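Just so we're aligned, residue 310 is where the sequence shown starts under this note's numbering, counting upward by one. Beta carbons: idealized from backbone N, C-alpha and C, even for Gly. Predicted model only: the values in this text are computed from it and were never measured. Inspection log for the structure reproduced underneath, given as structure tokens.
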Amino acid sequence: MEFKHYTVMKNEAVNALECRNGLIYIDCTLGGGGHSELILQRIQPDGQLIAFDIDNEAIQAASERLKSYKNLTIVKNSYTNIKNVLNELGIKKITGGVLFDLGASYHQFNKAERGFSFSKDAPLDMRFNQDSNFTAYDVVNTYSENDLVRIFSEYGEERFSKRIAKAIIEQRKLKKIETTIQLADLIKKVTPNIKSAIHPATRVFQAIRIEVNQELTNVKNTLNDVLDLLEVGAIISVISFHSLEDRIVKCLFKYHSQRCHCSKNQMICTCPPPKLELVNKKPIVATEQEIRENPPSRSAKLRIARCISG
């Protein structure tokens, strides 16, 4: 299957970085290489781009697409290891900026055997990193009822979490749930028939995918790591695709842009200077034209901040 990946808000996200020749930039989520290619075009001849990905197919496709650029380093590693990787590369500070595109790729969702989609029958997988041993099958078939309720509620905001979790446990007593269609049909069977634009399994599949890949924990931890790596003036540009991720980005940016975190009864502020300055207080969203071309981009939100203190 040909690798396909639509680069969401390509110009907006890269414009936010204010790319300049001679500086170091990081693309934490290489994907199909769309954002990376635009960054590379703008930082010639002496800028440097380091791009991370854990998906072998994405790396293969992007490497071919970007093979003519000599100032690119592609790292097969999770962006969660950014501190260690940059240290190994001899990079102490990100002088230009860092970009996160937190969405799964079109290719991942539409390649049946990856198990992300409930519309294609496939083994329960959902791993971004195909070298990992932990899959959606493990979540569905080994988690306790309470843990299933927790992840469906927290990560999927699913109002029928208890009902779905109970049905999964009952089904497991008879036979393990092995495929996406088996799980989707079970969810559809035990939830009320409500008129909605989304499939009844959508939220549960999102929750399982987040759990398998530890997406929310990774985003929070890595953003904090990146703050330590930014040179004054460097920019963070983050595209998120659901409210849970966006809330993490929004809260972290807000916290580190505030001047004071002291309690109300503290007479003298002892807080260090804020690390960030918000470039946009409200998130940037995709244009109507982009949404027509790529409907999933309707949920994308772009937040931007600039480092103002070391």
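Next on the checklist: Tell me which residues share the same chain as Ala474 and place their Cβ nearer than 7 angstroms to its Cβ, disregarding the 5 neighbours each side in the sequence.
Outcome noted: Counting only Cβ-Cβ distances below 7 angstroms, and skipping sequence neighbours, we find Glu454, Leu457, Val458, Phe461.
Next on the checklist: Do Glu397 and Ala446 count as a contact pair if the criterion is CB distance below 8 angstroms?
Outcome noted: Here residue 446 turns out to be Tyr, not Ala, going by the sequence shown. Not in contact: Tyr446 and Glu397 (Cβ atoms no closer than 8 angstroms).
Item to check | Distance, Ile363 Cα to Asn386 Cα | outcome: Asn386 and Ile363: Cα-Cα distance of roughly 5 angstroms.
Item to check | Segments of 4+ residues assigned as alpha helix (DSSP H) that fall wholly inside the region 552-605 | outcome: Counting only runs of 4 or more, we get 552-566, 597-602.
Item to check | Check whether Arg512 and Gly542 have beta carbons under 8 angstroms apart | outcome: Not in contact: Arg512 and Gly542 (Cβ atoms no closer than 8 angstroms).
Item to check | Candidates Arg468, Asp494, Glu467, Phe469, of which the one nearest Gln480 by Cα | outcome: When each option's Cα is compared against that of Gln480, the closest is Asp494.
Item to check | Residue from Ile477, Ile545, Gln369, Thr579 whose Cα sits closest to the Cα of Glu321 | outcome: Comparing Cα positions, the closest option is Ile545.
Item to check | Backbone secondary structure at Phe409 - three-state DSSP | outcome: Correct three-state label for Phe409: strand.
Checklist entry - At which residue ranges does the region 466-540 contain complete alpha helix (DSSP H) runs of 4 or more residues, listed in the order of the chain? => result Whole alpha helix (DSSP H) segments, 4+ residues: 470-483, 489-499, 511-522, 524-538.
Next on the checklist: Could you check whether Asn589 and Ile613 sit closer than 8 angstroms to each other, using their CB atoms as the reference points?
Outcome noted: Result yes, Cβ atoms of Ile613 and Asn589 sit closer than 8 angstroms.
Next on the checklist: Could you pull the DSSP bridge partners for Thr382 from this structure?
Outcome noted: Paired residues: Ile359.
Checklist entry - Nearest to Ile383 by CA position, among Gly406, Tyr334, Ser426, Gly405, is which residue? => result Ile383 has its Cα closest to that of Tyr334, out of Gly406, Tyr334, Ser426, Gly405.
Checklist entry - Helix, strand or coil for Ile336 per DSSP? => result Strictly speaking, residue 336 in this sequence is Asp, with Ile absent from that position. The DSSP-derived three-state label of Asp336 is strand.
Checklist entry - With which residues is Pro432 paired in a DSSP beta bridge? => result Pro432 pairs with Thr488.
Checklist entry - Per DSSP, what kind of secondary structure is Ile544 in: helix, strand or coil? => result Ile544: strand per DSSP, three-state reduction.
Checklist entry - Helix, strand or coil: how does DSSP classify Arg612 here? => result Strand.
Item to check | Bridge partner(s) assigned by DSSP for Ser549 | outcome: DSSP output for Ser549 lists Lys610 as bridge partner(s).
Item to check | Cross-strand partners of Ile348 (DSSP beta bridge) | outcome: Answer by DSSP bridge pairing: none, since Ile348 is not bridged.
Next on the checklist: Taking the alpha-carbon of Asn390 as reference, which of Ser552, Cys578, Cys337, Gln369 has the nearest alpha-carbon?
Outcome noted: Ranking Ser552, Cys578, Cys337, Gln369 by Cα distance to Asn390 puts Cys337 first.
Checklist entry - CA-CA distance, Thr489 and Ile519? => result So the alpha carbons of these two residues sit roughly 16 angstroms apart.
Next on the checklist: On a Cα-Cα basis, can you pick out the residue from Val448, Cys569, Ile359, Val594 that is closest to Pro582?
Outcome noted: Considering only alpha carbons, the answer is Cys569.
Checklist entry - So what does DSSP say about Ile400, is it helix, strand or coil? => result Ile400 falls in the coil class under three-state DSSP.
Next on the checklist: If you reduce the DSSP assignment to three classes, tell me which class Lys319 lands in.
Outcome noted: Lys319 falls in the helix class under three-state DSSP.
Item to check | Inter-residue spacing [alpha-carbon to alpha-carbon] between Gln350 and Ala609 | outcome: Approximately 24 angstroms between the Cα atoms of the pair.
Checklist entry - Taking the alpha-carbon positions, what's the Ala325 to Leu525 distance? => result Taking the straight line from one Cα to the other gives about 23 angstroms.
Item to check | Phe427 Cβ short of 7 angstroms to the ligand ATP heavy atom set | outcome: In the structure on display, the ligand ATP does not appear, and there are no ligands present to speak of.
Checklist entry - In the structure shown, what three-state DSSP assignment does His416 receive? => result Low local confidence applies: a pLDDT of 44 at His416 is under 50, so the model's placement there is unreliable, with the coordinate-based value given in what follows. The three-state reading of DSSP puts His416 in helix, counting H, G and I together.
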